[in-house]
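One structure is given here, and the rest of the page talks about it.
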Amino acid sequence: EAGVVQSPRYKIIEKKQPVAFWCNPISGHNTLYWYRQNLGQGPELLIRYENEEAVDDSQLPKDRFSAERLKGVDSTLKIQPAELGDSAVYLCASQTLGAGAQYFGPGTRLLVL
Amino acid sequence: TQLLEQSPQFLSIQEGENLTVYCNSSSVFSSLQWYRQEPGEGPVLLVTVVTGGEVKKLKRLTFQFGDARKDSSLHITAAQTGDTGLYLCAGGKGAGNNRKLIWGLGTSLAVNP
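Protein chains in written order, with this note's numbering: chain A, 31 to 143; chain G, 110 to 222.
Structure, rendered in structure tokens:
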């Protein structure tokens, strides 16, 4: 069974440019998470989807971040415009409805110059 | 603020040594998960504990959930270089759409040959 797929794996952009990350969760997983992780620290939740509904976006900086999961399967996270402080690893995770383990993708490493 | 504190933050040991990592909070959790994250990858679930006082063993790793379900420990016996990584604890609260996973900041473990 394929795991969580994320692309791109690495992205280098200049500040003020837009950037987008894509995630395809494990087949059948209704719950999808986007996290941001700084080096050597734990993940910080940005947004959680149950199917196509964003049920927790309280930590998403909505002035510059947006996300969508239109058909309740794959998802896109966008930053526009990017700032230097956005440099981090952006992780996507999926989970079967209800609870249990979160399965993480390898992440997208973003460097904003 | 619901926080999970992990200690130590960093740990560097020689192969064959034993170690214990702690995860503490003032909050009660319905469950406690431990993840390990290797460089360039996403976190991978090691274990979930749900009952106060519960002890689970995974080969050389022993996990314990505190009686009051506020804290947990991870003990590694005879550490190996393959145990190197970031160890994250995460506490579960709430249910349904209101469920949350509170993440610790991690313990970065280096096992030297």
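Cβ atoms here follow ideal geometry from the backbone N, Cα and C, with glycine treated the same way.
As the structure is a prediction and not an experimental result, all values here were calculated from the model.
Checklist entry - Mind checking if residue 103 of chain A is an interface residue toward chain G, Cβ cutoff 8 Å exclusive? => result no
Next on the checklist: Is there a Cβ of chain A sitting closer than 8 Å to that of residue 217 of chain G, yes or no?
Outcome noted: yes
Next on the checklist: By the 9 Å beta-carbon criterion, what residues does the segment 148-171 of chain G contribute toward chain A?
Outcome noted: 149, 150, 151, 152, 153, 154, 157
Item to check | residue 160 of chain G classed as buried or exposed, judged by whether at least 16 other C-beta atoms fall within 10 angstroms | outcome: With fewer than 16 other Cβ atoms inside 10 Å of its own Cβ, residue 160 of chain G counts as exposed.
Item to check | Closer than 8 Å at the beta carbon, the chain G residues around residue 71 of chain A | outcome: 214, 215
Checklist entry - Quick one: Cα of residue 204 of chain G to Cα of residue 135 of chain G, how far? => result Taking the Cα positions, residue 204 of chain G is about 20 Å away from residue 135 of chain G.
Checklist entry - Using the beta-carbon of each residue, which ones in chain G are nearer than 7 Å to residue 49 of chain A? => result Within 7 Å Cβ-Cβ: nothing; residue 49 of chain A doesn't reach chain G, min ~19 Å.
Item to check | Contacting residues, own chain, Cβ-Cβ under 6 Å from residue 50 of chain A (five flanking each side not counted) | outcome: 106, 108
Item to check | Residues near residue 182 of chain G in its chain [Cβ-Cβ closer than 6 Å; skip 5 each side] | outcome: Correct list, in chain order: 129, 131, 173.
Checklist entry - Should residue 67 of chain A go down as buried or exposed, given a rule of 16 or more other Cβ atoms within 10 Å for buried? => result buried
Checklist entry - Taking only beta-carbon atoms, is residue 221 of chain G less than 8 Å away from chain A? => result no
Next on the checklist: Rounded to whole angstroms, what is the Cα-Cα separation between residue 163 of chain G and residue 176 of chain G?
Outcome noted: 8 Å
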